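The next block holds one structure in the form of structure tokens; read it before the comments.
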Ligand code: BTN
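In the numbering used here, the protein residues as written are 47 to 381.
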């Protein structure tokens, strides 16, 4: 095993009032200024910044300032401390950013600069979060989880067959270890709970399609989606707060997900999807259902019969069982 250095880059400045206000209690302007060693004017400027991030800051003449809702910030030391030793070994760099356009885009930029695989980018907010089929991924500040990992594969695009399905299994297992009720998977890569979307996976590839390539594996998970942000979501959705009796902290959820994903990625090229097929089928949200699959202007109707060892959807049609491969395919239960 190659020894890896873990490096950290966190864009929250030391003078940020956010960690002090995150408890949701009132703090006077003077208290904040003293704690941070800055002026009251600088505190006011920072409070305005928080409002720009979408956080609701309440002001009281007698008591000071507080966030309308307490928030739990991602904490790099805690994540590092809680990661399993094997995961830490597999992690090369961890970027914990306040705001990025997209964690996938950030990891792609890092790869262009020659960064190695095993790097992970996590953000509190994405301003241009990418979903599948060119959709926007709604990514409000400090509410959900947005993460991307980079991994290298020597077998080109073929080595990535079934990877997004395998990632779905790993994420679901990680969350369930934290007490989240059973999660189903909708082909090819949606995390679901009772017909509502809980999360999504977006894999982007660079490099040689027939040789050494790098995959950026992006995972978005709705943890506590604010209603104000949810109005922009154009499909049935849910979040962990709605379905989990005792919702763990986002740091704990993130660690649980990384502890599943990093070992999965390190073994995927040798093991492939085949060994996870049964686990995926056990979570298949559309098993045995009449479905319509759309790809561009084409569409096929049939009954979903699980997936094959490459991760292709098996569609039962009047012409027999047809494998449907990835790409711009959408799946909808027939009405
Ligand atoms: C989907 O449409 O279901 C896929 C959504 C993937 C969203 C995640 S959030 C972290 C990573 N960065 C992005 O810009 N997208 C992915």
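Where is the CB? At the ideal position from N, CA and C, for every residue including glycine.
In this text, all values refer to a predicted model and were calculated from it rather than measured experimentally.
Task: Under the three-state DSSP convention, the category residue 202 falls into - done: helix
TODO: Express the C-alpha separation of residue 341 and residue 179 in angstroms, rounding to a whole number.
DONE: 11 Å
Task: residue 116 vs residue 104 beta-carbon contact at 8 Å - done: no
Open item on the list: Any heavy atom of ligand 1 inside 7 Å of the beta-carbon of residue 172?
Closed with: yes
- [ ] Return the CA-CA distance between residue 177 and residue 187, expressed in angstroms with no decimal places.
- [x] 17 Å
TODO: Find out if the Cβ-Cβ distance for the pair residue 308, residue 138 is shorter than 8 Å.
DONE: no
- [ ] State buried or exposed for residue 146, treating a residue as buried only when at least 16 other CB atoms are found within 10 Å of its CB.
- [x] buried
Open item on the list: Looking only at its chain, what residues have a beta carbon closer than 8 Å to the beta carbon of residue 281, apart from the 5 residues adjacent to it on each side?
Closed with: 243
Open item on the list: Give me, in chain order, the residues of the same chain whose beta-carbon lies closer than 8 Å to that of residue 274; leave out the 5 immediate sequence neighbours on both sides.
Closed with: 100 and 186
Open item on the list: For ligand 1, is there any heavy atom lying closer than 7 Å to the beta carbon of residue 247?
Closed with: yes
- [ ] Kindly indicate which three-state DSSP category residue 110 falls into: helix, strand or coil?
- [x] strand
Open item on the list: Looking at ligand 1, does it come within less than 7 Å of residue 178, judged from the CB to the closest heavy atom?
Closed with: yes
Open item on the list: Given this structure, state the Cα-to-Cα distance separating residue 259 from residue 202, to the nearest angstrom.
Closed with: 5 Å
- [ ] Could you pull the start and end residues of the alpha helix (DSSP H) that residue 76 belongs to?
- [x] 75-82
- [ ] Identify which residue in 153, 91 and 74 has its Cα closest to the Cα of residue 248.
- [x] 153
TODO: Using 7 Å as the cut-off, classify the Cβ of residue 149 as near or not near the heavy atoms of ligand 1, replying yes or no.
DONE: yes
TODO: Mind listing, in chain order, the continuous alpha helix (DSSP H) runs of no fewer than 4 residues lying wholly within the segment 157-219?
DONE: none
TODO: Pull up the distance between the alpha-carbon of residue 50 and that of residue 126, whole angstroms please.
DONE: Any reading at residue 50 needs caution, since the residue's pLDDT is 38, under 50, leaving its predicted position unreliable; the model's value is listed next. Looking at the two C-alpha atoms, the distance is approximately 14 Å.
TODO: State the beta-bridge partners of residue 230 as determined by DSSP.
DONE: 238
Open item on the list: To the nearest angstrom, how far is the alpha carbon of residue 73 from that of residue 297?
Closed with: 25 Å
Open item on the list: Quick check on residue 176 - is its C-beta less than 8 Å from some C-beta in chain D?
Closed with: Any reference to chain D falls outside this structure, which holds one protein chain only.
Task: Which residues DSSP lists as bridging residue 263, in chain order - done: 195 and 249
Task: For residue 62 and residue 112, believed in contact at Cβ under 8 Å, the rounded distance - done: Actually they are not in contact, since the Cβ atoms of residue 112 and residue 62 sit about 16 Å apart, beyond 8 Å.
TODO: For residue 122, write down the residues that DSSP places opposite it in a beta bridge.
DONE: DSSP, once it has assigned bridges, lists no residue as partnering residue 122.
Open item on the list: Just to confirm my understanding: we take residue 302, look at its own chain, exclude 5 residues before and 5 after, and list those with CB closer than 6 Å. What are they?
Closed with: 220, 223 and 224
Open item on the list: So, for residue 289: in the same chain, excluding its five sequence neighbours on each side, which residues have a beta-carbon less than 6 Å away from its beta-carbon?
Closed with: 227 and 239
TODO: Determine the burial state of residue 200: buried for a count of at least 16 other Cβ atoms within 10 Å of its Cβ, exposed for fewer.
DONE: exposed
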